[in-house]
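I have placed the structure first, in the form of structure tokens, so that the comments after it can refer back to it.
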Amino acid sequence: MTRTELNEAVSILQSTADNLSSLTSGTTEEGAALDRACTTLKVDARSMLLAGSIGSTALACFTAATTASITADQFYAIRSTISALTPSYSVGITMRQMLLRMCIAEESRAVSNAILTSRSEAEAILARMVDDLEAIEDYAADNLESAVYQAFLALHGAVAYDLSQRASQLPKLATYTFGKRRTALTLANVLYGDASRADEIINENSPVHPAFMPDSIRALTE
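Mapping to our numbering: the sequence shown position 208 is 550, numbers consecutive.
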């Protein structure tokens with residue numbers, strides 16, 4: 343391994359450690375544990391790469407993130423950054439693939455515990471995971487990693503099944519058009535007979551002000 347190859351791999355590991363540690367303030371015991379795990383990865387990345395023992399240290403960061411209650415959306419943001427990396431050397435490519443696998447595995451755990459509010463949300467989560475799951479499966483197949491291939495094929499199926507099952511029990515998001523602008527409270531009363539659900543409508547539509555909702559909004563069907 344040349345110095346340039348090593349530096350690229352170290353940079354990938356260290357930047358991922360930074361991104362993970364930024365997800366928590368470190369003020370809780372779990373957050374502090376995540377910070378420690380990420381610091382260890384940053385400090386020891388070079389020596390552990392040379393020793394061939396980087397895997398368990400990197401994995402400790404992702405499992406600590408799960409323990410610190412990092413959300414599915416936060417894992418998705420980390421995964422998107424990893425996925426967008428374009429390393430030039432084989433060691434960097436291997437590190438990118440390793441981190442991608444670890445991240446999407448923990449993201450899947452977070453998804454399984456996430457509270458979903460609509461079918462559209464469940465469908466969107468699955469859609470954003472499919473490409474990287476398939477890329478991981480293809481990489482494993484191309485590199486004759488049969489155990490990895492089977493494991494991620496099973497994970498892919500489990501995530502798809504879980505989300506489809508939960509989606510079938512959730513209301514759909516629909517577009518409603520009104521003749522004039524109304525307040526969020528009025529819309530909640532009109533749609534659900536329950537003004538306390540105004541926040542749902544506000545969060546889904548991000549109006550400039552809740553008193554002046556757009557005349558066309560997206561809201562749950564029930």
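We put the beta carbon where it would ideally sit given N, CA and C, even for glycine.
This structure is a prediction, so every number in the text was calculated from the model and none was measured.
Residue burial annotation: Leu442 is buried, with at least 16 other C-beta atoms found within 10 angstroms of its C-beta. Here the stretch 447-458 does not lie against the stretch 357-365, with fewer than 3 beta-carbon pairs under 8 Å apart. Membership of Ser432 in the alpha helix (DSSP H) is indicated by the continuous run 432-455. Residue state for Arg461 is assigned as helix, using DSSP reduced to three classes. Ranking Ala379, Leu392, Arg470, Leu427 by CA distance to the CA of Gln416 puts Arg470 first.
Counting C-beta pairs with one atom in each stretch, the stretch 472-488 and the stretch 519-535 have fewer than three that are closer than 8 Å, which means they do not touch. Only residues of its own chain outside the window of five on either side were considered, and among them Asp557 have a CB closer than 7 Å to the CB of Phe520, listed in chain order. A straight-line Cα-Cα distance of about 24 Å links Leu392 and Ser425.
Under DSSP, the beta-bridge partners assigned to Tyr518 are Ile559. By the Cβ neighbour-count rule, Arg523 is exposed, with fewer than 16 other Cβ atoms within 10 Å of its own. At a cut-off of 4 residues, the continuous stretches assigned as alpha helix (DSSP H) that sit fully inside the stretch 349-430 are 371-393, 396-409, 414-425. If you draw a straight line from the Cα of Ser430 to the Cα of Ala516, it comes to about 45 Å. With at least 16 other beta carbons inside 10 angstroms of its own, Thr358 counts as buried. With fewer than three CB-CB distances shorter than 8 Å, the stretch 487-498 does not count as touching the stretch 534-543. Relative to Leu355, the option among Thr399, Gly373, Glu371 whose CA is nearest is Thr399. The beta carbon of Cys380 sits closer than 6 Å to those of Ala359, Leu362, Ser363, Cys403, all from its chain and outside the five residues before and after it, given in chain order. Annotation: the continuous alpha helix (DSSP H) that includes Arg508 extends over 488-509. Here DSSP, grouped into helix, strand and coil, assigns Val550 to coil.
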